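Numbering (the numbering used here), first residue to last: 8 to 244.
Quick reminder that beta carbons are idealized off the backbone N, C-alpha and C, glycines included.
Quick caveat, the model's predicted, so the values are computed rather than measured.
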(Lines of atoms letter the chains of each structure in order from A; the text may use other names.)
(Lines give C-alpha, C1' and ligand atoms only; values in the text may rest on other atoms or scores of the structure.)
Protein backbone atom coordinates (compact mmCIF):
# COMPACT_ATOMS: atom_id res chain seq x y z
CA UNK A 8 0.00 0.00 0.00
CA UNK A 9 1.41 3.37 -0.95
CA UNK A 10 2.09 5.79 1.83
CA UNK A 11 0.80 9.23 0.92
CA UNK A 12 0.01 12.61 2.32
CA UNK A 13 -3.65 13.37 2.91
CA UNK A 14 -4.82 16.55 1.26
CA UNK A 15 -7.48 17.29 3.86
CA UNK A 16 -8.87 15.99 7.13
CA UNK A 17 -11.87 18.25 7.64
CA UNK A 18 -15.39 16.85 7.73
CA UNK A 19 -17.39 18.44 4.92
CA UNK A 20 -20.73 17.62 6.57
CA UNK A 21 -22.29 20.53 8.46
CA UNK A 22 -23.77 19.69 11.85
CA UNK A 23 -22.70 16.06 11.38
CA UNK A 24 -24.18 14.71 14.63
CA UNK A 25 -27.23 17.02 14.66
CA UNK A 26 -26.14 18.83 17.83
CA UNK A 27 -26.86 22.37 16.62
CA UNK A 28 -30.51 23.37 16.48
CA UNK A 29 -32.66 26.44 16.07
CA UNK A 30 -35.64 25.04 18.01
CA UNK A 31 -35.81 22.12 20.40
CA UNK A 32 -37.90 19.30 18.88
CA UNK A 33 -41.04 18.30 20.78
CA UNK A 34 -43.42 16.24 18.61
CA UNK A 35 -41.92 13.70 16.21
CA UNK A 36 -43.65 10.72 14.57
CA UNK A 37 -45.56 12.60 11.88
CA UNK A 38 -45.02 16.17 13.04
CA UNK A 39 -43.79 17.96 9.90
CA UNK A 40 -40.16 18.77 9.32
CA UNK A 41 -38.66 18.89 12.80
CA UNK A 42 -35.41 17.70 11.20
CA UNK A 43 -35.28 21.23 9.77
CA UNK A 44 -34.54 22.43 13.32
CA UNK A 45 -31.11 20.75 13.02
CA UNK A 46 -29.92 23.35 10.53
CA UNK A 47 -28.86 23.03 7.72
CA UNK A 48 -30.41 19.53 7.49
CA UNK A 49 -33.91 19.47 6.01
CA UNK A 50 -36.73 17.26 4.75
CA UNK A 51 -36.65 16.90 0.94
CA UNK A 52 -40.12 15.39 0.38
CA UNK A 53 -43.61 15.41 1.88
CA UNK A 54 -43.04 12.96 4.74
CA UNK A 55 -41.61 13.88 8.15
CA UNK A 56 -38.17 12.63 9.25
CA UNK A 57 -37.67 13.04 12.98
CA UNK A 58 -35.17 14.96 15.08
CA UNK A 59 -34.25 13.63 18.52
CA UNK A 60 -32.46 15.74 21.13
CA UNK A 61 -32.03 15.55 24.90
CA UNK A 62 -33.32 19.13 25.12
CA UNK A 63 -36.79 17.59 24.71
CA UNK A 64 -38.17 16.56 28.09
CA UNK A 65 -41.61 15.15 27.28
CA UNK A 66 -40.30 11.72 26.24
CA UNK A 67 -41.53 12.00 22.64
CA UNK A 68 -38.30 12.83 20.79
CA UNK A 69 -36.00 12.88 23.79
CA UNK A 70 -32.55 11.28 23.96
CA UNK A 71 -32.13 8.60 25.14
CA UNK A 72 -35.85 7.83 25.77
CA UNK A 73 -38.33 8.57 22.95
CA UNK A 74 -41.38 7.17 21.16
CA UNK A 75 -39.24 4.42 19.61
CA UNK A 76 -37.71 3.21 22.85
CA UNK A 77 -34.23 3.89 24.21
CA UNK A 78 -30.99 4.82 22.46
CA UNK A 79 -28.10 7.05 23.47
CA UNK A 80 -26.57 9.30 20.84
CA UNK A 81 -23.35 8.03 19.36
CA UNK A 82 -21.95 11.54 19.76
CA UNK A 83 -23.36 14.31 21.90
CA UNK A 84 -27.08 14.58 22.62
CA UNK A 85 -28.92 14.24 19.31
CA UNK A 86 -29.63 12.16 16.22
CA UNK A 87 -32.06 11.96 13.29
CA UNK A 88 -34.66 9.29 12.50
CA UNK A 89 -36.05 8.10 9.17
CA UNK A 90 -38.80 5.67 8.17
CA UNK A 91 -37.34 3.62 5.30
CA UNK A 92 -39.98 1.00 4.45
CA UNK A 93 -43.54 -0.09 5.22
CA UNK A 94 -45.58 -3.01 3.98
CA UNK A 95 -47.95 -2.17 1.11
CA UNK A 96 -47.28 1.56 1.32
CA UNK A 97 -46.32 2.35 -2.27
CA UNK A 98 -42.56 2.77 -1.72
CA UNK A 99 -43.01 5.85 0.48
CA UNK A 100 -39.78 6.95 2.15
CA UNK A 101 -38.30 9.53 4.51
CA UNK A 102 -34.94 11.13 3.70
CA UNK A 103 -32.65 13.70 5.26
CA UNK A 104 -30.66 16.10 3.09
CA UNK A 105 -28.01 18.79 3.62
CA UNK A 106 -25.62 20.99 1.64
CA UNK A 107 -21.94 20.25 2.11
CA UNK A 108 -19.52 22.83 3.45
CA UNK A 109 -17.59 22.73 0.17
CA UNK A 110 -18.10 21.37 -3.33
CA UNK A 111 -16.37 18.07 -4.06
CA UNK A 112 -13.30 18.22 -6.28
CA UNK A 113 -13.05 16.15 -9.44
CA UNK A 114 -10.97 12.96 -9.12
CA UNK A 115 -10.55 13.39 -5.39
CA UNK A 116 -11.33 10.38 -3.26
CA UNK A 117 -13.63 10.95 -0.29
CA UNK A 118 -13.94 8.70 2.74
CA UNK A 119 -17.61 8.53 3.71
CA UNK A 120 -19.30 7.13 6.80
CA UNK A 121 -22.48 7.42 8.81
CA UNK A 122 -24.03 5.36 11.59
CA UNK A 123 -27.48 3.82 11.92
CA UNK A 124 -29.31 2.01 14.70
CA UNK A 125 -32.52 -0.04 14.65
CA UNK A 126 -34.83 1.11 17.47
CA UNK A 127 -36.51 -1.29 19.85
CA UNK A 128 -40.08 -0.35 19.01
CA UNK A 129 -43.55 -1.88 19.05
CA UNK A 130 -44.23 -0.19 15.70
CA UNK A 131 -40.96 -0.18 13.75
CA UNK A 132 -39.70 -3.74 14.17
CA UNK A 133 -38.49 -4.66 10.66
CA UNK A 134 -34.89 -4.39 9.43
CA UNK A 135 -33.68 -3.77 5.87
CA UNK A 136 -30.32 -4.32 4.18
CA UNK A 137 -29.51 -1.18 2.20
CA UNK A 138 -29.42 2.39 3.50
CA UNK A 139 -27.46 4.72 1.28
CA UNK A 140 -25.94 8.16 0.87
CA UNK A 141 -26.39 10.01 -2.41
CA UNK A 142 -24.14 12.81 -3.66
CA UNK A 143 -25.75 15.34 -6.03
CA UNK A 144 -24.82 18.67 -7.56
CA UNK A 145 -28.15 20.22 -6.59
CA UNK A 146 -30.75 19.72 -3.91
CA UNK A 147 -33.36 17.07 -4.72
CA UNK A 148 -36.89 18.06 -3.71
CA UNK A 149 -39.98 15.94 -4.38
CA UNK A 150 -43.57 17.07 -3.90
CA UNK A 151 -44.66 13.52 -3.03
CA UNK A 152 -43.66 10.86 -0.45
CA UNK A 153 -42.31 8.29 -2.92
CA UNK A 154 -38.82 6.81 -3.03
CA UNK A 155 -36.03 8.77 -4.72
CA UNK A 156 -35.21 7.07 -8.02
CA UNK A 157 -31.44 7.54 -7.76
CA UNK A 158 -28.53 5.20 -7.10
CA UNK A 159 -26.57 6.19 -3.97
CA UNK A 160 -22.80 6.12 -4.31
CA UNK A 161 -22.40 4.79 -0.75
CA UNK A 162 -24.61 2.03 0.65
CA UNK A 163 -24.69 -0.65 3.31
CA UNK A 164 -24.11 -4.17 2.03
CA UNK A 165 -26.84 -5.98 0.15
CA UNK A 166 -27.73 -9.21 1.91
CA UNK A 167 -26.65 -8.00 5.35
CA UNK A 168 -29.58 -6.96 7.52
CA UNK A 169 -29.07 -3.92 9.75
CA UNK A 170 -30.48 -5.50 12.90
CA UNK A 171 -28.43 -4.12 15.80
CA UNK A 172 -30.71 -2.45 18.34
CA UNK A 173 -27.93 -1.88 20.89
CA UNK A 174 -24.91 -0.60 18.97
CA UNK A 175 -24.54 1.94 16.20
CA UNK A 176 -23.77 0.27 12.85
CA UNK A 177 -21.37 2.04 10.49
CA UNK A 178 -22.14 2.44 6.79
CA UNK A 179 -18.89 3.33 5.09
CA UNK A 180 -17.16 3.53 1.72
CA UNK A 181 -15.05 5.67 -0.58
CA UNK A 182 -16.24 7.82 -3.44
CA UNK A 183 -14.23 9.33 -6.30
CA UNK A 184 -15.91 12.62 -7.12
CA UNK A 185 -16.91 13.67 -10.60
CA UNK A 186 -16.66 17.27 -9.40
CA UNK A 187 -19.38 19.73 -8.45
CA UNK A 188 -21.21 17.54 -5.93
CA UNK A 189 -22.60 19.78 -3.21
CA UNK A 190 -25.51 17.95 -1.51
CA UNK A 191 -26.00 14.67 0.33
CA UNK A 192 -29.18 12.67 0.91
CA UNK A 193 -29.52 9.67 3.26
CA UNK A 194 -32.23 7.00 3.10
CA UNK A 195 -33.49 3.92 1.28
CA UNK A 196 -33.31 4.41 -2.49
CA UNK A 197 -34.89 1.06 -3.42
CA UNK A 198 -38.51 0.36 -4.31
CA UNK A 199 -40.51 -1.88 -2.01
CA UNK A 200 -40.02 -4.74 -4.46
CA UNK A 201 -36.25 -4.32 -4.27
CA UNK A 202 -36.04 -3.81 -0.50
CA UNK A 203 -35.08 -6.89 1.50
CA UNK A 204 -36.82 -6.97 4.88
CA UNK A 205 -36.56 -9.03 8.05
CA UNK A 206 -39.16 -9.28 10.82
CA UNK A 207 -37.10 -8.81 13.98
CA UNK A 208 -39.94 -9.09 16.49
CA UNK A 209 -41.91 -12.07 15.27
CA UNK A 210 -45.17 -10.13 15.05
CA UNK A 211 -47.00 -9.27 11.85
CA UNK A 212 -48.95 -6.07 12.47
CA UNK A 213 -47.71 -2.62 11.46
CA UNK A 214 -44.81 -3.90 9.36
CA UNK A 215 -42.46 -0.93 9.11
CA UNK A 216 -38.72 -0.22 9.21
CA UNK A 217 -37.19 2.85 10.85
CA UNK A 218 -33.61 3.82 11.74
CA UNK A 219 -31.82 6.40 13.82
CA UNK A 220 -28.94 8.21 12.03
CA UNK A 221 -25.90 9.86 13.62
CA UNK A 222 -22.31 10.99 12.92
CA UNK A 223 -22.21 11.65 9.18
CA UNK A 224 -18.67 12.17 7.88
CA UNK A 225 -17.20 13.03 4.48
CA UNK A 226 -13.46 13.63 4.40
CA UNK A 227 -11.16 14.21 1.44
CA UNK A 228 -8.81 11.24 1.77
CA UNK A 229 -6.97 11.73 -1.52
CA UNK A 230 -3.32 10.74 -1.16
CA UNK A 231 -0.36 12.18 -3.01
CA UNK A 232 2.93 10.31 -3.35
CA UNK A 233 5.78 12.69 -2.50
CA UNK A 234 8.42 13.03 -5.17
CA UNK A 235 11.78 11.50 -4.28
CA UNK A 236 14.71 13.37 -5.78
CA UNK A 237 17.61 11.41 -4.33
CA UNK A 238 18.78 10.22 -7.75
CA UNK A 239 18.21 6.61 -6.67
CA UNK A 240 15.28 4.40 -7.43
CA UNK A 241 13.08 3.91 -4.38
CA UNK A 242 9.89 2.09 -3.43
CA UNK A 243 7.38 3.51 -1.00
CA UNK A 244 5.30 0.98 0.92
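(message) Please classify residue 35 as buried or exposed, where buried requires at least 16 other C-beta atoms within 10 Å of its C-beta.
(response) buried
(request) May I ask which residues mark the beginning and end of the beta strand (DSSP E) holding residue 118? (result) 116-124
(request) Assign residue 137 to buried or exposed, taking buried as 16 or more other Cβ atoms, counted over all protein chains shown, within 10 Å of its Cβ. (result) buried
(request) Please go through the same chain and pick out, in chain order, the residues whose beta-carbon is closer than 8 Å to the beta-carbon of residue 203, but skip the five residues on each side of it. (result) 135, 136, 137, 165, 166 and 168
(request) Measuring alpha carbon to alpha carbon, tell me which of 118, 80 and 45 ends up nearest residue 230. (result) 118
(message) Under 8 Å: do the segment 104-119 and the segment 191-203 share three or more Cβ pairs, one atom per stretch?
(response) yes
(message) With H, G and I counted as helix, E and B as strand and the rest as coil, what does DSSP make of residue 103?
(response) strand
(message) So, at 6 Å on beta carbons, what are the nonlocal neighbours of residue 27 in its own chain, with the 5 sequence-adjacent residues on each side left out?
(response) none
(message) What does the alpha-carbon distance come out to for the pair residue 59 and residue 71?
(response) 9 Å
(request) Compare the beta carbon distance of residue 88 and residue 223 with 8 Å and say whether it is the shorter of the two. (result) no
(message) Between which residues of its own chain and residue 47 is the CB-CB distance below 8 Å, once the five residues before and five after are set aside?
(response) 21, 22, 105 and 106
(message) What I want to know is whether the C-beta of residue 201 ends up closer than 7 Å to one or more non-hydrogen atoms of the ligand GDP.
(response) Here there are no bound small molecules, and the ligand GDP is not part of this structure.
(request) Classify residue 138 as helix, strand or coil using the three-state DSSP reduction. (result) coil
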